[in-house]
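Take a look at the structure set out below.
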Amino acid sequence: MLNKIKNHWPFIVGGIVVGMIFMKGISPTKSGSHSDHTASGSESSEKKIKFWTCSMHPQIKMPEKGLCPLCGMDLIPLMEGDDADDDSGIVSLKLNKKARKLAEIETTEVIYKEAVNEIRLVGKVDYDETRLSYISAWIAGRMDRLYVDFTGIKVRKGDHLIKLYSPELLAAQEEYLQAIKNLEETKGSELGILRSTSESTLKSSREKLRLYGISEKQIQNIVKRGKPQEHMTINSPVTGTVIHKNGFEGMYVKTGDKVYTIADLSQVWLFLEAYESDIQWLHYGQKVTIEAESFPGQKFHGKIAFIEPFVNEKTRTIKLRVNVDNKNEKLKPGMFVRTTIKSVVGEGGKVYEEELAGKWICPMHPDIVKDHQAPCDICGMDLIKTKEFGFAESPSLRKKVLIIPKTAALITGKRAVVYVENINDETGIHRYEGREVVLGPRAGKNYIIASGLKEGERVVIKGNFKIDSALQIQAKPSMMNPAGYYSEGYGVISGTVSSDENAGLLVSALPSYLNVSKALAGDDVQQSIRHLKEFRKQIKNIIEKNSWTDISEGLVGEVNQLQKELSVIDLDIKSLRKRFGRVSLILKNIFSKYEYKEDIKFFLSFCPMALGNGAYWLQDSDEVKNPYYGESMLGCGEIQKEYGRKIIKQQPKGSTHNH
1 MLNKIKNHWP FIVGGIVVGM IFMKGISPTK SGSHSDHTAS GSESSEKKIK
51 FWTCSMHPQI KMPEKGLCPL CGMDLIPLME GDDADDDSGI VSLKLNKKAR
101 KLAEIETTEV IYKEAVNEIR LVGKVDYDET RLSYISAWIA GRMDRLYVDF
151 TGIKVRKGDH LIKLYSPELL AAQEEYLQAI KNLEETKGSE LGILRSTSES
201 TLKSSREKLR LYGISEKQIQ NIVKRGKPQE HMTINSPVTG TVIHKNGFEG
251 MYVKTGDKVY TIADLSQVWL FLEAYESDIQ WLHYGQKVTI EAESFPGQKF
301 HGKIAFIEPF VNEKTRTIKL RVNVDNKNEK LKPGMFVRTT IKSVVGEGGK
351 VYEEELAGKW ICPMHPDIVK DHQAPCDICG MDLIKTKEFG FAESPSLRKK
401 VLIIPKTAAL ITGKRAVVYV ENINDETGIH RYEGREVVLG PRAGKNYIIA
451 SGLKEGERVV IKGNFKIDSA LQIQAKPSMM NPAGYYSEGY GVISGTVSSD
501 ENAGLLVSAL PSYLNVSKAL AGDDVQQSIR HLKEFRKQIK NIIEKNSWTD
551 ISEGLVGEVN QLQKELSVID LDIKSLRKRF GRVSLILKNI FSKYEYKEDI
601 KFFLSFCPMA LGNGAYWLQD SDEVKNPYYG ESMLGCGEIQ KEYGRKIIKQ
651 QPKGSTHNH
């Protein structure tokens, strides 16, 4: 018993706190101010105890005060009228001033507000690949002088880079000078073909010099000198910074050998990695604010120019590329920076960017944005509508949306529950109504409300979990149990349950099921599979020979699915236990709803830790043998009910009739 108390100590403490709130809020007390008594009126003094229940096990309902038969905790009273819902049938909880203070309830108003989501990412600056230039040898020769002899130096267009000696270039100059001489000699010739040939030769020899990288000015100098130059100077065709140097003085180069790499750093790229959850907020052309440790307090700006179309399977991130204007060249390639990407969400979940709403943008150059369709000024591609990239189509789109703080929503699986506050002006009692809502995307510390709430309503942002726990104590619909405890068979079903022979037919297949439970408790996979196959076969025979109710048909569906899973040879014990848990829950519900008249004795057991949220199973022993944990925690759980020899659930005194 002591071990059980130790294992459940956190739950016991939580139950005590919720129990205190429950009792303070709905039962009369001797202490407190006169205003608290008068607020409730004379009606509160006439309230009677409906039944006694356990804060940890709300399915326990006793007519008298005592101890919980499951955990030994003192039972608490549930008063008549205090757990009643309003005339509309809405499930809610009433709390007076003391109870609200004890539960530390805080509320806020549901409002229309601009929903801004902010993503913070860290990135690395890199060169703009479109602004890299290679200076290569256009002709074979020897580099007798490198004017730019170290990396990092900045050059301008037209600056000299290399002094090159090349026999081929020397021959090309002589050829050009000879072509000029021949043309002069044929000017007085009467044969037109000679003049035409000379002109053609001159033109081709001049073109050859140009293709060798000789500028027009250098060609004019050759003509002016009247003799070829032994060395030619290769000039820079672009402005930028030399980031690689692959040659040295005296080195021979072949045509095409790369000598320098020059980068234009007036614009750089920034690479970021964003998580999958951030993808919905990121769009092509979106603004990015950048900060660097080197320049505290100064901000740089860029635009998203590329979003990778796939996710990195190792990091589960996507890579973004941001184009950043860097005219002052403060951002250096290799520098780490911090970035902030803000998204304003409008109606329908569309990202609202005022500068891009209803505009046309270039798919290659996000800086080119126009009010109408036109070709891109840089690449000539046709501009496309910004809505294709997820932006709002119209500038008049409503920017404000209905939001609530993220703490207001209790989320479990696919459901989200909020508690709405309603105040009775006459009594001052606050009623908290549990309401299921549909949430939109999360924007920072808020959730966008798709449906379920109206502007002006007040929702609980602190203490909502305590309200939910109090509703669970009353076996009402709550976060974890949308239809209340009774819908899952946890509550006491009052009166004699309906009789159905089909439920009794299951008893013929029950021994095979109980053998599965034993095998799983012993961690025996092969025996578990064998007995499951027997159970499946017996259930199939029962279904074929008898007419089943809807609940029994649910079992058939589970068993059919079980047959498919068992067809896999490498079925592991973890999968077996999950399937066993689902089948066990259906069996439990069937035996809870139908009268059991057979002589086979078995027990309903429950483990609050199994399968994440707790799980039931049936066994033939009165000693707990947990099939979900096996030998590792064989005794974890508790016996909740005994079946056998016409055991029929009876309605306890003082309880209401619940189905």
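The numbering used here puts the first residue of the sequence shown at 1, with every later residue one more than the last. Just so you know, even glycine gets a beta-carbon here, dropped at the ideal spot from N, CA and C. Since the structure is predicted, the reported quantities are computational estimates derived from the model, not experimental observations.
The stretch 97 to 112 touching the stretch 333 to 341, judged by at least three CB pairs closer than 8 Å: no
Using the Cβ count rule (16 or more neighbours within 10 Å means buried), how would you classify L67? With a 10 Å radius around the Cβ and a threshold of 16 neighbouring Cβ atoms, L67 comes out exposed.
Please report the distance separating the alpha-carbon of K254 from that of M143. 11 Å
Would H160 be called buried (16 or more neighbouring beta carbons within 10 Å of its own) or exposed? exposed
Determine the burial state of E642: buried for a count of at least 16 other Cβ atoms within 10 Å of its Cβ, exposed for fewer. exposed
Three-state class that DSSP yields for P167 in the structure shown: helix
Mind checking Y176: buried by the 16 CB within 10 Å criterion, or exposed? buried
Measure the alpha-carbon distance for H365 versus K124 and round it to whole angstroms. Roughly 21 Å separates the two Cα atoms.
Backbone secondary structure at T201 - three-state DSSP: Three-state result, T201: helix.
Could you work out which residue in I162, R145, K154, I214 is closest to Q173 when comparing CA atoms only? I214
Reduced DSSP category for A610 - H, G, I as helix; E, B as strand; rest coil: Here A610 sits in coil by DSSP.
For T130, the nearest candidate out of I378, Y284, A374, E329 (CA to CA): I378
Quick check: L604 and K578, are their CB atoms within less than 8 Å of each other? no
Closest to E293 by C-alpha separation, out of K319, N328, G302, T339, would be which residue? Between E293 and the set K319, N328, G302, T339, the nearest pair of CA atoms involves T339.
Does D86 pass the burial test, meaning 16 or more other C-beta atoms within 10 Å, or should it be called exposed? Because the pLDDT of D86 is 49, which lies under 50, any placement of that residue in the model is unreliable, and the question is left without a value.
For R435, the nearest candidate out of A443, D468, R210 (CA to CA): D468
What is the C-beta distance between P237 and S133, in whole angstroms, given that I count them as a contact (C-beta under 8 Å)? 7 Å
Excluding five sequence neighbours on each side, which residues of the same chain lie with their C-beta closer than 8 Å to the C-beta of V311? E276, T317, I318
Note down, in chain order, each residue of its chain lying with its Cβ closer than 6 Å to the Cβ of A416, except the 5 sequence neighbours on either side. A409, V437, L439
So what's H301 in DSSP terms, helix, strand or just coil? strand
Between the CA atoms of M232 and I139 - distance to the nearest angstrom: Each residue's Cα considered, the two are about 11 Å apart.
Measuring straight from C-alpha to C-alpha, what distance separates K245 and Q218? 25 Å
From F602 to I49, what distance separates their C-alpha atoms? 35 Å
What's the call for T496, buried or exposed, on a 16-neighbour Cβ count within 10 Å? Low confidence applies to T496: its pLDDT is 29, below 50, so where it sits in the model is not reliable, and the reading given next is rough at best. So T496 ends up on the exposed side.
Whole-number beta carbon distance between V322 and L270, since they are thought to touch under 8 Å: 4 Å
Are the Cβ atoms of Q286 and K303 separated by less than 8 Å? yes
What are the complete alpha helix (DSSP H) segments, minimum 4 residues, inside the stretch 97 to 147? 97 to 103
Reference V516; option with closest CA among P441, A450, N446, P627: The residue from P441, A450, N446, P627 with its alpha-carbon nearest to that of V516 is P627.
Status (buried if at least 16 other CB within 10 Å, exposed otherwise) for D622: Flag for D622 reads exposed.
Taking only beta-carbon atoms, is V253 less than 8 Å away from chain B? In summary, chain B is missing from the structure at hand, where a single protein chain is found.
Buried or exposed (CB count within 10 angstroms, at least 16 for buried), E421: buried
Rounded to a whole number of angstroms, what is the C-alpha to C-alpha distance between K370 and V116? 25 Å
To the nearest angstrom, how far is it from the Cα of L662 to the Cα of R582? In the structure as shown, the chain begins at 1 and stops at 659. Residue 662 is therefore absent and cannot be evaluated.
Assuming R156 and T239 are in contact, meaning their beta carbons sit under 8 Å apart, how far apart are those beta carbons, in whole angstroms? 5 Å
Residue range of the beta strand (DSSP E) that includes R662: The structure shown has nothing for residue 662, since the chain only spans 1 to 659.
Determine the extent of the beta strand (DSSP E) in which I290 is found, giving its start and end residues. Start and end: 287 to 292.
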